[in-house]
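Here is the structure we will look at, set down as C-alpha cells.
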Amino acid sequence: MAPRLVWCALRMNLADPAFVKDQYRDGANLDARIALHERFSTSTRDWHAWLFDHFDLPDDARILEIGCGTGALWHKNRARVPTVWRLTLSDFSLGMVETARATGVSADLAQSDAQTLPFRAACFDAVIANHMLYHVPDLPRALREIRRMLKPGGKLYAATNGIAHMREYFQLVSNFLGSEPSVPLTQFTLENGADQLVKHFARVERFDFDSHLEVTEVEPLVAYAMSGFTGKQLIGNRRVETLRRYVAERIARDGVFHITKAAGLFVARAG
Ligand SMILES: C[S@@+](CC[C@H](N)C(=O)[O-])C[C@H]1O[C@@H](n2cnc3c(N)ncnc32)[C@H](O)[C@@H]1O
C-alpha cells in the first residue's frame, strides 16, 4: 500500500508553479524532450513546420507568442516568416527569453506571465500558446488575457497533447518503478480544450498531428525521462544507470520501442 500512496502524492501537476519554474529555468530540459520527438517521429512533416502550415494571417500580421520557450517555432521556420510580420515572443522564464534571444530571431522579447500580459489590448492578429496552457495556474484568466490581446477576428493558435500522449513511456517508467501507471494531471488537453476555449472564442477548430515515435536508441529516451518530473522526482540520478540498462534491455528485446503520440492544435477565432 505504501508505494502506491507515495506515487499518488508525487503525481505531476503540470500547473504547479514550483515545478514549472524549476523545469523551465533554461532550455535544457525542453531541448531533451524535443530531441526525442524530432529524432524518432514517424511523421514526414516536422512538428514546427506543421504548426506553421496552419497559420492563416494577414500579410502584415502582429503576432504574440506566450510561453515561447527556446523560440523553436521561429528558428525552425525562419525561411518562411514574412519580413513584415512583427513578432513579440514572451515567456515567464527569463532563461527561456534569453535562450530565444540568443537564436537571433527577429522579434521583440519580453518576460511575462500569461495571466497578466503587459501589452496593449486588441493589437495582435494572433496569439500563439503552444504546449503551455496546461502550465498556467489560472487558465480562465489566461484565456481572458489572450482574448483581450486579440483584434476582432484575431486568432489563438494553441497546441497541446491528448490523454494518450506518451502512454507507453509512462507505462515503462511505472514498470521500472514498480508502481501504478500514471499520466500527468493536465487541465488543457486535446479532449477538454475546445470546451474551455468556446467560453472565450467565437469559433474553435481542432487539428491532430499524425505521428508516433519508434525509438531505437537508449540514450535519447533516458535523457527524455531524466529531463522531467519522472526523472527528477521519481527516478533520481542514483538510479539513472539502472534505468539505462532497463531501457536497453527493452529495446534489444523488441528492436524498437513504440510510443503513442497524441498532439494537435486548436485554432480559436475571436468574435
Ligand atoms: C513545454 S514549454 C513549450 C515551449 C514552446 N511553446 C514550445 O512549444 O516549444 C512551456 C513553456 O511555457 C512557459 N510558461 C509556463 N507557464 C507560463 C506562464 N504562466 N506564463 C508564461 N509562460 C509560461 C515555460 O517557461 C516554458 O518555456
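Sequence positions in the sequence shown follow the working numbering and run 65 to 335. Note that CB positions come from ideal geometry on N, CA and C, so glycine has one too. In this text, all values refer to a predicted model and were calculated from it rather than measured experimentally.
Under 8 Å, do Trp-114 and Phe-252 count as touching if we go by C-beta distance?
Contact: no.
Can we say the segment 298-309 touches the segment 229-244, given the rule of at least three CB pairs closer than 8 Å?
Judged by Cβ distances under 8 Å, the segment 298-309 makes contact with the segment 229-244, as three or more pairs qualify.
Considering Ile-323, what are the terminal residues of the beta strand (DSSP E) in which it resides?
Going by DSSP, Ile-323 is part of the beta strand (DSSP E) stretching over 321-323.
Report the residue ranges of all beta strand (DSSP E) runs contained in full by the segment 136-163; include only those spanning at least 3 residues, in chain order.
When DSSP assignments are scanned along the segment 136-163, the uninterrupted stretches of beta strand (DSSP E) that are 3 or more residues long and fall wholly within it turn out to be 150-155.
With a threshold of 16 other CB atoms inside 10 Å of the CB of Asp-177, please say whether the residue is buried or exposed.
By the 10 Å Cβ count, Asp-177 comes out buried.
Residues bridged to Lys-219 by DSSP?
For Lys-219, which the question treats as bridged, DSSP gives the partners Ala-190, Arg-333.
To the nearest angstrom, report how far apart Glu-129 and Asn-194 are at their CA atoms.
Their backbone Cα atoms lie some 8 Å apart in a straight line.
Which one of Ala-332, Ala-326, Thr-147, Thr-250 has the shortest CA to CA distance from Leu-197?
Leu-197 has its Cα closest to that of Thr-250, out of Ala-332, Ala-326, Thr-147, Thr-250.
Enumerated in chain order, which unbroken segments of the beta strand (DSSP E) with a length of 3 residues or greater are wholly contained in the segment 237-286?
Whole beta strand (DSSP E) segments, 3+ residues: 267-273, 277-279.
Of all the options Val-237, Val-279, Phe-188, Ala-222, which has the alpha carbon lying nearest to the alpha carbon of Phe-116?
Checked all of Val-237, Val-279, Phe-188, Ala-222; the closest Cα to Phe-116 is Ala-222.
With distances taken Cα to Cα, identify the nearest neighbour of His-322 among Ala-190, Leu-307, Val-311, Ile-192.
The shortest Cα separation from His-322 among Ala-190, Leu-307, Val-311, Ile-192 belongs to Val-311.
Between Leu-94 and ligand 1, is the CB less than 7 Å from at least one heavy atom?
For ligand 1, at least one heavy atom lies less than 7 Å from the Cβ of Leu-94.
Would a C-beta distance cut-off of 8 Å place Val-282 and Arg-317 closer than the cut-off?
Cβ distance not < 8 Å, so Val-282 and Arg-317 don't count as in contact.
Assess contact between the segment 145-164 and the segment 218-232, defined as three or more Cβ pairs (one per stretch) separated by less than 8 Å. Is contact present?
No, the segment 145-164 does not touch the segment 218-232.
What is the DSSP secondary structure of Arg-126, reduced to helix, strand or coil?
It is a strand residue.
The beta strand (DSSP E) with Gln-175 in it runs from where to where?
Unbroken beta strand (DSSP E) run through Gln-175: 172-175.
Residue from Ala-326, Gly-131, Val-262 whose Cα sits closest to the Cα of Arg-333
For Arg-333, the nearest C-alpha among the options comes from Val-262.
Any idea if His-199 is buried or exposed, counting beta-carbon neighbours within 10 angstroms, 16 or more meaning buried?
Within 10 angstroms of the beta-carbon of His-199 lie 16 or more other beta-carbons, which makes it buried.
May I have the straight-line CA-CA distance separating Arg-231 from His-276, to the nearest angstrom?
Between the alpha carbons of Arg-231 and His-276 lies a distance of about 11 Å.
Should Asn-225 be listed as close to ligand 1, given that the test is whether its C-beta is under 7 Å from any heavy atom?
Flag unset: Cβ of Asn-225 not near ligand 1.
Tyr-233 beta carbon near ligand 1 (any heavy atom closer than 7 Å):
For ligand 1, no non-hydrogen atom lies closer than 7 Å to the CB of Tyr-233.
Do you know offhand how far Arg-142's Cα is from Val-169's?
Looking at the backbone, the Cα of Arg-142 and that of Val-169 are separated by about 8 Å.
For Thr-224, name the three-state secondary structure that DSSP assigns.
Annotated three-state conformation of Thr-224 is strand, per DSSP.
Spatial neighbours of Gly-335 within its chain, please: C-beta separation below 6 Å, excluding the five flanking residues on both sides.
In the same chain as Gly-335, and ignoring 5 residues on each side of it, the C-beta atoms closer than 6 Å to its own belong to Ala-266, in chain order.
Indicate whether Gln-260 and Leu-203 have their beta-carbon atoms separated by less than 8 Å.
Between Gln-260 and Leu-203, the C-beta spacing is below 8 Å.
What number of angstroms, rounded off, separates the C-alpha of Asp-120 from the C-alpha of Val-304?
About 44 Å.
Kindly identify the DSSP beta-bridge partner or partners of Arg-94.
Correcting the residue identity first, residue 94 is Leu in this sequence and not Arg. Paired residue(s): none; Leu-94 is not in a bridge.
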